[in-house]
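> Residue numbers (the working numbering), protein chains in the order written: chain A, 310 to 702; chain B, 247 to 511. A virtual CB, placed ideally from N, CA and C, is assigned to each residue, including glycine. So that we are looking at the same thing, I have put the structure below in structure tokens.
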């Protein structure tokens with residue numbers, strides 16, 4: 310490497326450094342924190358240190374030794390912070406219900422009792438090995454896979470094997486499926502409207518093309534919130550669409566358009582349509598104008614020419630556009646939150662609920678990780694496709 | 247063939263209607279004198295614009311949006327422009343291609359995912375519920391637009407201009423100030439406009455990072471639609487739509503002026 314080139318490289322590196330540093334701290338680090346919260350589970354190991362060290366001598370199958378029980382009582386005695394204790398109970402109870410009553414009772418007894426406490430005499434649930442196994446799993450490690458498993462409706466049974474959670478205990482798989490199907494519906498709707506629209510825009514010139522492209526760009530520039538608000542107002546029971554339909558006598562009662570799936574799909578299609586039209590248009594605009602007449606002059610029927618010439622050529626744009634639309638739709642929050650009902654919430658709403666409503670950072674992180682992975686995979690495919698296009702002449 | 251032509255016209259008109267009608271339909275409702283968002287509008291007044299300017303929550307949120315929007319614009323424009331200057335050149339080595347991908351990644355990552363992470367991290371470092379925290383969050387999602395815009399302009403400009411200036415004895419900082427910066431200016435301006443618009447429209451990160459004191463206009467609109475929709479929403483939307491058009495027009499004009507200047511020079 311010669312000296313001048315080396316100097317340019319150093320200058321370039323110095324120039325990109327501030328933004329790179331900024332994004333590492335305020336973009337990569339938050340994502341990393343979120344992922345860490347999905348797998349971190351330090352509470353039991355921190356609050357029950359003596360139990361954690363006594364666990365090594367226990368095979369998890371036989372009843373816990375007296376030493377382990379004594380260590381557990383010692384740990385309970387020295388918990389002063391009620392909030393910490395509450396966190397511990399929540400953690401244990403989420404793995405096996407019963408801890409919510411068992412733990413406070415045992416803690417009170419442990420604080421009062423001077424001599425070694427007989428746990429089984431205090432509550433016969435302590436004779437159940439299942440409770441001890443939960444404590445064993447929670448205290449032995451500061452990381453866990455239970456949030457990630459729960460994000461897919463899976464969990465570990467008593468023997469530690471991965472198994473499906475009982476039906477009704479968790480709806481995450483259903484929500485993931487719903488998110489994918491809604492994103493797919495929006496993508497299909499965008500293809501059905503966007504592909505012919507882009508073809509028409511590419512086939513005309515002058516003010517007609519300006520009008521068609523302007524109609525796509527103006528909504529793109531307009532605030533997402535404004536567009537969602539507009540659809541909210543239009544789709545209401547006494548909104549413009551329903552009152553027009555009733556005025557025309559097409560329906561006597563207002564159609565249910567808001568707080569259901571139909572409304573969300575309509576509004577999201579409107580919001581994401583530009584991302585379909587623009588890539589398809591840019592591909593079509595690059596196709597030589599004389600291709601279709603050439604096909605016709607060779608005797609191809611217009612339909613045949615369309616199917617064998619224009620459609621395959623525009624396919625690349627359709628795939629890019631579909632990936633963009635699908636990828637954005639997966640992570641949508643605002644439109645379903647405002648226009649959808651409880652049964653139309655997508656994965657983002659569930660993540661937001663876990664984070665702000667339930668303060669369950671583990672589950673928020675795990676579902677966030679699922680969404681992030683899906684989005685990034687799609688983005689890599691998209692990048693591959695557009696890189697291929699750039700390489701072509 | 248005539249059938250096809252008619253199909254094209256009908257479909258094109260229907261699609262344009264679908265795209266533009268919602269934006270047009272909301273405008274007259276901003277001037278309603280009733281408390282409902284219904285057509286036909288019973289009477290016209292400006293009471294909802296007055297509400298926007300006088301009601302404490304709305305006024306506060308507009309001020310907050312301006313503070314946060316300006317802060318974001320400055321931070322994103324400076325960071326993004328400097329970063330884009332480092333990325334220019336037609337052939338990027340793999341390292342720089344990777345850095346460019348990182349610079350654009352905030353556009354792709356779902357906002358809710360980023361929001362959860364920011365809420366967790368900002369709480370730890372005392373940035374939660376602060377103006378600085380919201381500005382930083384908005385800058386993360388706004389900066390890719392600056393990078394893209396500046397990079398596009400720089401890649402279209404002739405690097406030999408700078409080489410010529412340097413060979414004529416101009417010091418590097420003079421070359422930068424007199425040649426590079428004016429060349430990049432249209433990209434910097436459009437990047438700044440995009441960054442401001444992004445900040446103005448941002449809701450999701452604001453939900454996670456901002457406290458009640460940093461409630462922005464978009465955030466306030468979001469909760470108004472969710473909890474208790476009123477024509478103030480239509481008035482706010484009116485301001486947004488007209489603002490967008492004004493910015494677009496000013497932007498187009500300044501671009502044209504810049505082009506003319508460059509042609510004259």
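What three-state label does DSSP hand residue 702 (chain A) in the structure shown?
Residue placement at residue 702 (chain A) is flagged as unreliable, the pLDDT there being 42, under the threshold of 50; the coordinate-derived value follows with that caveat. In this structure, residue 702 (chain A) counts as coil in the three-state DSSP scheme.
> Closer than 7 Å: is that where the CB of residue 503 (chain B) sits relative to any heavy atom of the ligand NAP?
Judged by which ligands are present, the structure shown has none, so any question about the ligand NAP falls away.
> Using a Cβ-Cβ cut-off of 7 Å (strictly less than) and excluding sequence neighbours within five positions of residue 697 (chain A), which residues of its own chain qualify?
none
> Take the Cβ of residue 535 (chain A) as the centre, count every other Cβ of all protein chains shown within 10 Å, and call the residue buried at 16 or more, exposed below.
buried
> How many Å lie between residue 363 (chain B) and residue 340 (chain A) at the Cα?
About 5 Å.
> Assuming residue 305 (chain B) is part of the alpha helix (DSSP H), what are its boundary residues?
302 to 333
> Counting along the chain, where does the beta strand (DSSP E) carrying residue 465 (chain A) start and finish?
Where residue 465 (chain A) is concerned, the enclosing beta strand (DSSP E) starts and stops at 463 to 465.
> Below 6 Å CB to CB, which residues in the same chain sit around residue 702 (chain A) once its five sequence neighbours on both sides are set aside?
Bear in mind that a pLDDT of 42 at residue 702 (chain A), under 50, signals an unreliable position, so the model cannot answer this.
> List the residues of chain A whose Cβ lies closer than 9 Å to the Cβ of residue 490 (chain B), in chain order.
Simply 527, 530, 531, 532 and 535.
> By DSSP, does residue 452 (chain A) sit in helix, in strand, or in coil?
strand
> Taking only three categories from DSSP, how would you classify residue 560 (chain A)?
coil
> Three-state secondary structure (DSSP) at residue 377 (chain B)?
Here DSSP, grouped into helix, strand and coil, assigns residue 377 (chain B) to helix.
> Mark residue 577 (chain A) as exposed unless 16 or more other C-beta atoms lie within 10 angstroms of its C-beta, in which case mark it buried.
With 16 or more Cβ atoms within 10 Å of its Cβ, residue 577 (chain A) is classed as buried.
> According to DSSP, is residue 618 (chain A) helix, strand or coil?
Note: residue 618 (chain A) maps to helix in three-state DSSP.
> Following the continuous beta strand (DSSP E) through residue 472 (chain A), name the residue where it begins and the one where it ends.
471 to 473
> Name, please, each residue of chain A whose Cβ falls closer than 7 Å to the Cβ of residue 284 (chain B).
Close to residue 284 (chain B), with beta-carbon spacing below 7 Å, are these residues of chain A in chain order: 547.
> Among the candidates A:628, A:482, A:399 and A:420, whose CA atom is the shortest distance from the CA of residue 386 (chain A)?
A:420
> So with CB distances below 8 Å, who are the chain B contacts of residue 579 (chain A)?
Under the 8 Å cutoff, chain B gives 264, 265 and 268.
> Can you pull the chain A residues whose beta carbon is under 7 Å from the beta carbon of residue 261 (chain B), in chain order?
Here the neighbours are 502 and 506.
> Classify residue 479 (chain A) as helix, strand or coil using the three-state DSSP reduction.
coil
> From A:404, A:462 and A:550, pick the residue whose C-alpha is nearest to that of residue 472 (chain A); which is it?
Nearest of A:404, A:462 and A:550 to residue 472 (chain A), Cα basis: A:462.
> At a CB-CB cut-off below 7 Å, which residues of chain A make contact with residue 404 (chain B)?
Per Cβ cutoff of 7 Å: no residues; residue 404 (chain B) is ~17 Å from chain A at best.
> Would you verify that the beta carbon of residue 585 (chain A) is, or is not, closer than 8 Å to some beta carbon of chain B?
For residue 585 (chain A), no Cβ of chain B is located within less than 8 Å of the residue's own Cβ.
> In chain B, which residues lie with their C-beta within 9 Å of the C-beta of residue 582 (chain A)?
Contact annotation for residue 582 (chain A) against chain B: 261, 264 and 265 [CB-CB distance below 9 Å, chain order].
> Could you compute how far the alpha carbon of residue 671 (chain A) sits from the alpha carbon of residue 409 (chain B)?
Between residue 671 (chain A) and residue 409 (chain B), the C-alpha separation is close to 55 Å.
> What do you reckon, are the CB atoms on residue 494 (chain B) and residue 283 (chain B) nearer than 8 Å?
no
> Flag residue 364 (chain B) as yes if its beta-carbon sits less than 8 Å from any beta-carbon of chain A, otherwise no.
yes
> Could you tell me the boundaries of the alpha helix (DSSP H) in which residue 473 (chain B) lies?
463 to 473
> I want to see whether chain A comes within less than 8 Å of residue 356 (chain B), judged by CB atoms only; does it?
yes
> Taking residue 481 (chain A) as the reference, give the member of A:688, A:683 and A:675 with the closest Cα.
A:675
> Candidates B:251, B:288 and B:381: which alpha carbon is nearest residue 454 (chain B)'s?
B:381
> Can you tell me whether DSSP reads residue 531 (chain A) as helix, strand or coil?
coil
> Indicate whether residue 266 (chain B) and residue 524 (chain A) have their beta-carbon atoms separated by less than 8 Å.
Taking 8 Å as the Cβ cut-off, residue 266 (chain B) and residue 524 (chain A) qualify as a contacting pair.
> Which term fits residue 346 (chain A), buried or exposed, when burial requires 16 or more other beta carbons within 10 angstroms of its beta carbon?
buried
> Helix, strand or coil: how does DSSP classify residue 292 (chain B) here?
Here residue 292 (chain B) sits in coil by DSSP.
> Any Cβ of chain A within less than 8 Å of the Cβ of residue 428 (chain B)?
Taking a beta-carbon distance threshold of 8 Å, residue 428 (chain B) does not count as an interface residue toward chain A.
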